[in-house]
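Comments concern the structure below.
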Amino acid sequence: MAKFSDIKGFTFDLDGVITDTAKFHEQAWKQTAEEVKTPWSDQLAADLKGISRMDSLEMILKAGNHEKSYSHEEKVALADQKNKKYQQLIKQLTPADILPGMEKLLNDLKSAGYQMSLASASKNAPGILKQLGISDYFKGIVDPATLHAGKPDPEIFVRAGEILGFRAEEMIGLEDAPAGIKSIKGAGQTALGIGPATKTAVPDLYFDNTAEVSLAAIKERMA
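Just so you know, we're using the numbering used here here: the sequence shown kicks off at 12 and counts up by one.
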């Protein structure tokens, strides 16, 4: 693992690290399920986490035995409709929706002169940062539409590193998902995992929740 004194930049995942938009995805998918007459359940909600839009729709249709009832075009329209609902819902986000400890971390990193970039698979990331009032902290955001492969492929964190212009060993990546930790490690950066789910991917640094993550704690654990 790199030495803390070598670190110059931080690459961040967004959902589950800086804020949590999972509740909005769930609300939007629940409306879609009601529309296609699939019974909603906690299990279905859990199964959809981290799954792509079209795959999520297929799971909802399958859960109600409707997978053969819609043409490809109708499915695309339903998925599109879900995203529009989600985009409406995330307009409710305010700076109060930044996860515990993260605003202080961003402020401390900025004050100490570290550079930051965003490695989020969400096409809505720029709008979410704006709603949270933290766009200015980031030197840049990776455009997920330009990627050839999603996490756990390292590409998104490699690109987030290129935005900052540092060597891989000079950066720490923050993630709350095992696929994201694998992506950071594949990119050669120090992987900081948040939450028990990341343990399976063996992060270099581990914190139970966002409230525990601070510049001082990171420094201490890398000493």
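Note that CB positions come from ideal geometry on N, CA and C, so glycine has one too.
- DSSP places Gly-172 in no beta strand (DSSP E) but in the uninterrupted alpha helix (DSSP H) bounded by 166-175.
- Note on geometry: alpha-carbon atoms of Ala-190 and Gly-199 lie some 15 angstroms from one another.
- If you ignore the 5 residues before and after Arg-170, its C-beta comes within less than 6 angstroms of the C-beta of Val-153, all in its own chain and listed in chain order.
- Non-local beta-carbon contacts of His-77 in its own chain, meaning distances under 6 angstroms to residues more than five positions away in sequence, involve Val-47 in chain order.
- A residue is called buried when at least 16 other Cβ atoms come within 10 angstroms of its Cβ; Ser-63 does not meet this threshold and is exposed.
- If you check the CB distance, Gln-38 and Ile-101 do not come in under 8 angstroms.
- Within the same chain, Cβ atoms closer than 6 angstroms to the Cβ of Gly-206 are found at Asp-187, the five residues on either side in sequence being excluded.
- Excluding five sequence positions before and after Ala-136, the CB atoms of its chain that fall closer than 7 angstroms to its own CB belong to Leu-25, Leu-129, Ile-152, given in chain order.
- Per DSSP, reduced to three states, the secondary structure at Thr-49 is coil, with no helix or strand assignment.
- The criterion of a C-beta distance shorter than 8 angstroms is not satisfied by Gln-126 and Lys-95.
- In the DSSP assignment, no residue is bridged to Glu-69.
- For Thr-22, the three-state secondary structure derived from DSSP is strand.
- Counting along the chain, Ile-195 sits inside the alpha helix (DSSP H) bounded by residues 189-197.
- Under the three-state reduction of DSSP, Tyr-217 is assigned to strand.
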